[in-house]
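Participant:
In my numbering, the protein residues as written are -12 to 296.
1) For the beta strand (DSSP E) that residue 88 lies in, which residues bound it at each end?
2) Given 8 Å as the limit, is there contact between the segment 112 to 123 and the segment 203 to 217, that is, 3 or more CB pairs closer than that?
3) Check residue 81 in the structure and name its three-state DSSP category.
4) Using a 10 Å radius around the Cβ and a threshold of 16 neighbouring Cβ atoms, would you call residue 45 buried or exposed?
5) Looking at the unbroken alpha helix (DSSP H) that takes in residue 301, where does it start and where does it end?
6) Name the one or two DSSP bridge partners that residue 138 has.
7) Express the C-alpha separation of residue 152 and residue 136 in angstroms, rounding to a whole number.
8) Distance check for residue 176 and residue 240, CA to CA, integer angstroms please.
9) Among 146, 104 and 156, which one has its Cα closest to the Cα of residue 169?
10) Please check the pair residue 167 and residue 22, which I expect to be a contact at CB under 8 Å, by giving their CB distance rounded to whole angstroms.
11) What whole-angstrom Cβ distance do residue 237 and residue 162 have, given they're in contact under 8 Å?
12) Among the residues of its own chain, which have a CB less than 7 Å from the CB of residue 252, if the five just before and after it don't count?
13) Identify whether residue 200 lies in helix, strand or coil by the three-state DSSP scheme.
14) Just to confirm my understanding: we take residue 69, look at its own chain, exclude 5 residues before and 5 after, and list those with CB closer than 7 Å. What are they?
15) Would you call the CB atoms of residue 150 and residue 194 closer than 9 Å?
16) By the three-class DSSP mapping on this structure, what secondary structure does residue 248 have?
17) Give me the Cα-Cα distance between residue 246 and residue 266, rounded to the nearest whole angstrom.
18) Roughly how many whole angstroms lie between the Cα atoms of residue 99 and residue 128?
19) Please look up how many angstroms separate the CB atoms of residue 292 and residue 134, rounded, as I've assumed it's under 8 Å.
20) Taking the alpha helix (DSSP H) that residue 219 belongs to, which residues open and close that run?
21) With H, G and I counted as helix, E and B as strand and the rest as coil, what does DSSP make of residue 229?
22) Quick one: Cα of residue 182 to Cα of residue 24, how far?
23) Within 10 angstroms of the Cβ of residue 148, are there 16 or more other Cβ atoms? Answer buried if so, exposed if not.
24) Only counting the same chain, and skipping five residues up and downstream in sequence, which positions put a Cβ closer than 7 Å to that of residue 184?
25) State the start and end residues of the unbroken beta strand (DSSP E) segment that holds residue 169.
26) Run through DSSP, which three-state label would residue 124 get?
27) Going along the chain, which residues of its own chain have a beta-carbon closer than 6 Å to the beta-carbon of residue 174, five neighbours each way excluded?
28) Compare the C-alpha of residue 140 against each of 48, 96, 75 and 81 and name the closest.
29) With 16 as the cutoff for other CB atoms within 10 Å, does residue 130 come out buried or exposed?
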């Protein structure tokens, strides 16, 4: 009897290993600009090509509201800001999460241009989520990103999350809005913004869904401006991930001007919070995320997730 049980156990274990190996085998790695982009497509001949169909790599955003109003609407965008490439299979299903409060002009400009940029690439299946902080507390960008992640996964099974500031617009169509096998800092070259350091991870970044879970998301403690992106980078590096970047000529962005936010003062505790990250990150993030969720609204070009803290 015991031998019979052992034989059955070995057969089941062998089958499980075979299935597991097949799942890994289906995870193809597509090279692009010295970065490996993972996909679970079994037939990679039908995927959207990443470098052959871009005749002009430069993207010229519309920066005036009147220009946007006079521009034709993007009829290929489905309700809720959803898009699927035409004529090919997307490598990944991507959620774009944007933290937001009281910048309606910027939001209109961003939404219009990001859709035109991504449909111009015709590379990814994506959905656009605007996470709006409705209270009058200090702005908490990182916690809004956690909320966006937590709510977006209820909409669809996303492979990749792109966390994106509303004032940044990409300028090069080769800057793929996809996740690589490592976290990628996307906005390393902001036009007319000379302040850069190697640890910079803010603005726009692409992180695989499994990696976001692995590091417990972002910290929830950063009320006010600054530090949350550096703390996230620390989480990633401690887990053994390597921050990747496209070449600076590809990772180009323009930063939209915006009025001063009276509820986004520099966080006086940011350096202490970064220093304590190794001790606090296990219990600070997705695992202890709390918020008051107001009714979610699906607009024609995006989803609004309104919250209070």
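Where a beta carbon is used, it is the ideal one built from N, C-alpha and C, also for glycine.
Facilitator: Reading off the structure:
1) That residue, residue 88, is in no beta strand (DSSP E); it is neither H nor E in DSSP.
2) Flag = no, the segment 112 to 123 and the segment 203 to 217 do not touch.
3) Correct three-state label for residue 81: strand.
4) Residue burial annotation: residue 45 is exposed, with fewer than 16 other C-beta atoms found within 10 angstroms of its C-beta.
5) Residue 301 is absent from the structure shown; the chain starts at -12 and stops at 296.
6) The beta-bridge partner set that DSSP reports for residue 138 is empty.
7) Cα to Cα, the separation comes out at about 15 Å.
8) Going by the C-alpha atoms only, they are around 6 Å apart.
9) Restricting attention to 146, 104 and 156, the CA atom closest to the CA of residue 169 is found in 146.
10) Between residue 167 and residue 22, the beta carbon gap of about 4 Å places them in contact (Cβ cut-off 8 Å).
11) The beta-carbon separation of residue 237 and residue 162, rounded to 5 Å, stays under the 8 Å limit for a contact.
12) Excluding residues within five positions, the ones whose Cβ falls inside 7 Å are 125, 211 and 212.
13) Reduced to three states, the DSSP call for residue 200 is helix.
14) Counting only Cβ-Cβ distances below 7 Å, and skipping sequence neighbours, we find 114.
15) Contact check for residue 150 against residue 194 passes: the beta carbons are separated by less than 9 Å.
16) Three-state result, residue 248: coil.
17) If I take the Cα positions, the gap works out to 36 Å.
18) The straight-line gap from Cα to Cα measures roughly 22 Å.
19) In this structure, residue 292 and residue 134 form a Cβ contact; the two beta carbons are roughly 6 Å apart against a cut-off of 8 Å.
20) Element bounds for residue 219: 215 to 225.
21) Correct three-state label for residue 229: coil.
22) Bear in mind that a pLDDT of 48 at residue 182, under 50, signals an unreliable position, so the number given afterwards is only what the model happens to contain. Here the C-alpha atom of residue 182 lies approximately 28 Å from the C-alpha atom of residue 24.
23) Buried, because 16 or more other Cβ atoms sit within 10 Å of the Cβ of residue 148.
24) Note that residue 184 scores a pLDDT of 45, beneath 50, so its modelled location is shaky; the value from the coordinates is reported in the next line. Answer for residue 184: no residue qualifies.
25) In the DSSP annotation of this structure, residue 169 is not part of any beta strand (DSSP E), being labelled neither H nor E.
26) Residue 124 falls in the coil class under three-state DSSP.
27) Closer than 6 Å at the Cβ level, and outside the excluded window around residue 174, lie 155, 190, 191 and 240.
28) Nearest of 48, 96, 75 and 81 to residue 140, Cα basis: 81.
29) Counting Cβ neighbours within 10 Å, residue 130 comes out buried, since at least 16 surround it.
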